[in-house]
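Colleague: Dumping the structure here so I can ask a few things about it.
Protein chains in written order, with the working numbering: chain A, 208 to 434; chain B, 17 to 238.
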């Protein structure tokens, strides 16, 4: 048993690693924003009185949460192709990740909606706020504030899960690693560096969300409750 | 093979599904054992043990499983061990599952009400006795629904073992697809199979959670 590591041979490819890391962050950013929208819509849909819409939203959430992301990515990839639509690997990756994270976001948002006391909504109705005002100020914003920690953890997990997009050759960090290790024959070193980069990316994302939370929810900062 | 999807293809996929279940059990048992140690280490009275286990959890939870699988596969090869994909995937999944289950179980142990600890201390039980006789029996009850729920994550995540050449459900689907080239139909079958394995566990986890909730509500003072 002898282990000889040669990091310089791999580290000289740093521009490729950097490009891969940037693409990973871009993938995560797009899917986070789109997935947050899709998930909120699905959560609202599940709460409506229309049985058809509620049922469809539930079916979406359960289907996605009980199948692997890898299978979903291939289904989107080949599904779009079989419809005769040609998209870049990046676009397919964003679409698949959005559909995936949307289902998890929907469940988190639903928990947030359920945590809004009924009396608050009745009080808002008593103050003659419009339906839209009630939805925005009394339901949506407080719900987001309540589930903010769970939401942001979900988005960090999404960034890590985006590594699976290497399987449809989106040029993100893991795909770059696969390429570099097959080129340099230094697989172990390559994946150690990539693992470190992912840990850094997730720390950066957590710090970013924490800062964003302080900006978005000043009330929480005043009360000193942990985010 | 070749031509249309026939009984042989389905048999092959079925075999893959059995390996998915097998690998999931390996990951659950291996990850459960290591995870239990991690959970205890996270609340150890020794600061160095607490820090070391926290670093382990942070590193694993900050790295994608795909990269951990590659590290296991190439890392074991780099130290001169010639390992099968099963060993590499089993070892990587064990490390991965241990970090998550360890954190879940730590939360469950810590959610046992503080007076229980104090009462056990008042009865002059040692730390080990307190843990085994008072805390763990209650923690296991709390931990059951989230652990069953996490089983779903384990089953889904074994699909990534396909990238290091382990022939579970996902990889067997890719192999069948290489001869038929009907990707959408085949991956749809694969998705349905994963759903059939995961959904009952999701429902069970939900039901257990509801029952626990009801139990707690009954205990709450009027």
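Just so it is clear, CB atoms sit at the ideal spot from N, CA and C, and this is done for glycine as well.
For clarity, every value in this text was computed on a predicted model and none was experimentally measured.
Work out the CA separation of residue 220 of chain A and residue 387 of chain A for me, nearest whole Å.
Modeller: As a first step, residue 387 of chain A must be located in the first chain, where it is residue number 180. As a first step, residue 220 of chain A must be located in the first chain, where it is residue number 13. For residue 387 of chain A and residue 220 of chain A, the distance between alpha carbons rounds to 8 Å.
Colleague: Around the Cβ of residue 187 of chain B, are there at least 16 other Cβ atoms within 10 angstroms (buried) or fewer (exposed)?
Modeller: Along the second chain, one-based indexing puts residue 187 of chain B at 171. It counts as buried.
Colleague: Any idea if residue 340 of chain A is buried or exposed, counting beta-carbon neighbours within 10 angstroms, 16 or more meaning buried?
Modeller: Locating residue 340 of chain A in the first chain gives position 133, where the first residue counts as 1. Looking at its Cβ environment, which holds fewer than 16 other Cβ atoms inside 10 Å, residue 340 of chain A is exposed.
Colleague: Cβ of residue 246 of chain A within 8 Å of Cβ of residue 383 of chain A?
Modeller: Looking up residue 246 of chain A in the first chain gives position 39. Looking up residue 383 of chain A in the first chain gives position 176. Cβ atoms of residue 246 of chain A and residue 383 of chain A: not closer than 8 Å.
Colleague: Could you tell me the distance, in whole angstroms, from the CA atom of residue 82 of chain B to the CA atom of residue 283 of chain A?
Modeller: As a working mapping, residue 82 of chain B is identified with position 66 in the second chain. As a working mapping, residue 283 of chain A is identified with position 76 in the first chain. Straight-line Cα distance between these residues: approximately 20 Å.
Colleague: So, under 8 Å CB-CB, residue 111 of chain B and residue 67 of chain B are touching, yes? Tell me the CB distance rounded to an integer number of Å.
Modeller: Along the second chain, one-based indexing puts residue 111 of chain B at 95. Along the second chain, one-based indexing puts residue 67 of chain B at 51. Going by Cβ atoms, the distance from residue 111 of chain B to residue 67 of chain B rounds to 18 Å, so no, they are not a contact pair.
Colleague: Answer with yes or no whether the minimum CB distance from residue 405 of chain A to chain B is below 8 Å.
Modeller: By 1-based counting over the first chain, the position of residue 405 of chain A is 198. Judged by the 8 Å Cβ criterion, residue 405 of chain A is in contact with chain B.
Colleague: Below 8 Å, how does it come out for the segment 318-326 of chain A and the segment 359-374 of chain A: are there three or more Cβ pairs, yes or no?
Modeller: The answer is no - the segment 359-374 of chain A does not touch the segment 318-326 of chain A, with fewer than three Cβ pairs under 8 Å.
Colleague: How would you call residue 236 of chain B, buried or exposed, if buried means at least 16 neighbouring beta carbons within 10 angstroms?
Modeller: Position 220 of the second chain holds residue 236 of chain B. The predicted position of residue 236 of chain B is uncertain, since its pLDDT is 44 and thus under 50; no value can be drawn from it.
Colleague: State the CB to CB distance for the pair residue 161 of chain B and residue 221 of chain B, rounded to an integer number of angstroms; the pair is presumed to be in contact (CB under 8 Å).
Modeller: Counting from 1 along the second chain, the entry for residue 161 of chain B is found at position 145. Counting from 1 along the second chain, the entry for residue 221 of chain B is found at position 205. Residue 161 of chain B to residue 221 of chain B, Cβ: 5 Å. Contact.
Colleague: May I ask you to verify whether the segment 199-210 of chain B touches the segment 270-289 of chain A, counting CB pairs closer than 8 Å and requiring at least 3?
Modeller: A contact exists between the segment 199-210 of chain B and the segment 270-289 of chain A.
Colleague: Please classify residue 17 of chain B as buried or exposed, where buried requires at least 16 other C-beta atoms within 10 Å of its C-beta.
Modeller: As a first step, residue 17 of chain B is located in the second chain; it is residue number 1 there, counting from the start. Residue confidence is low: residue 17 of chain B scores 45 on pLDDT, short of 50, so the model does not pin down where it sits. Its coordinate-derived value is still stated next. Exposed, because fewer than 16 other Cβ atoms sit within 10 Å of the Cβ of residue 17 of chain B.
Colleague: Cβ of residue 211 of chain B less than 8 Å from any chain A Cβ?
Modeller: Residue mapping note: residue 211 of chain B aligns to position 195 of the second chain, counting from 1. Yes - at least one Cβ of chain A is within 8 Å of the one on residue 211 of chain B.
Colleague: So which residues on chain A does residue 196 of chain B lean against when the C-beta distance must stay under 9 Å?
Modeller: In the second chain, residue 196 of chain B corresponds to position 180, counting from 1. Under the 9 Å cutoff, chain A gives no residues; its nearest Cβ is about 12 Å from residue 196 of chain B.
Colleague: For residue 61 of chain B, count neighbouring C-beta atoms within 10 Å of its own C-beta (all shown protein chains included) and say buried if the count is 16 or more, exposed if not.
Modeller: Residue numbering aside, residue 61 of chain B sits at position 45 when the second chain is read from its first letter. It is exposed - the Cβ of residue 61 of chain B has fewer than 16 other Cβ atoms within 10 Å.
Colleague: Taking all protein chains shown into account, decide if residue 180 of chain B is buried (16 or more other Cβ within 10 angstroms of its Cβ) or exposed.
Modeller: Locating residue 180 of chain B in the second chain gives position 164, counting from the first residue. Looking at its Cβ environment, which holds 16 or more other Cβ atoms inside 10 Å, residue 180 of chain B is buried.
Colleague: Per the contact definition of three or more C-beta pairs closer than 8 Å, is the segment 210-224 of chain A in contact with the segment 397-417 of chain A?
Modeller: With a cut-off of 8 Å, the segment 210-224 of chain A and the segment 397-417 of chain A count as touching, because enough Cβ pairs lie within range.
Colleague: Is DSSP giving residue 234 of chain B helix, strand or coil here?
Modeller: For the purposes of this step, residue 234 of chain B is identified with residue 218 of the second chain, where counting begins at 1. In this prediction, residue 234 of chain B scores a pLDDT of 46, lower than 50, which makes its location untrustworthy; the coordinate-derived value is nonetheless stated afterwards. Residue 234 of chain B: helix per DSSP, three-state reduction.
Colleague: Against chain A, with Cβ distances strictly below 8 Å, would residue 151 of chain B count as a contact?
Modeller: In the second chain, counting from the first residue as 1, residue 151 of chain B sits at position 135. So no, residue 151 of chain B is outside the interface.
Colleague: Cα-Cα, which of A:305, A:349, A:412 and A:362 is closest to residue 425 of chain A?
Modeller: One-based indexing of the first chain puts residue 425 of chain A at position 218. Taking only the C-alpha atoms, the option nearest residue 425 of chain A is A:349.
Colleague: Less than 8 Å between the beta carbons of residue 126 of chain B and residue 154 of chain B, yes or no?
Modeller: Position 110 of the second chain, counted from the first residue, corresponds to residue 126 of chain B. Position 138 of the second chain, counted from the first residue, corresponds to residue 154 of chain B. Not closer than 8 Å, so no.
Colleague: Where residue 416 of chain A and residue 243 of chain A are concerned, what is the direct C-alpha to C-alpha distance, given to the nearest angstrom?
Modeller: The residue given as residue 416 of chain A occupies position 209 in the first chain. The residue given as residue 243 of chain A occupies position 36 in the first chain. Taking the straight line from one Cα to the other gives about 14 Å.
Colleague: Where does the unbroken alpha helix (DSSP H) through residue 198 of chain B begin, and where does it stop?
Modeller: Here residue 198 of chain B refers to the residue found at position 182 when the second chain is read from its first residue. That residue, residue 198 of chain B, is in no alpha helix (DSSP H); it is neither H nor E in DSSP.
Colleague: Using a Cβ-Cβ cut-off of less than 7 Å, list which residues of the segment 84-111 of chain B approach chain A; keep chain order.
Modeller: Against chain A - using a Cβ distance shorter than 7 Å - the residues of the segment 84-111 of chain B are 86, 87, 90, 91, 94, 95 and 96.
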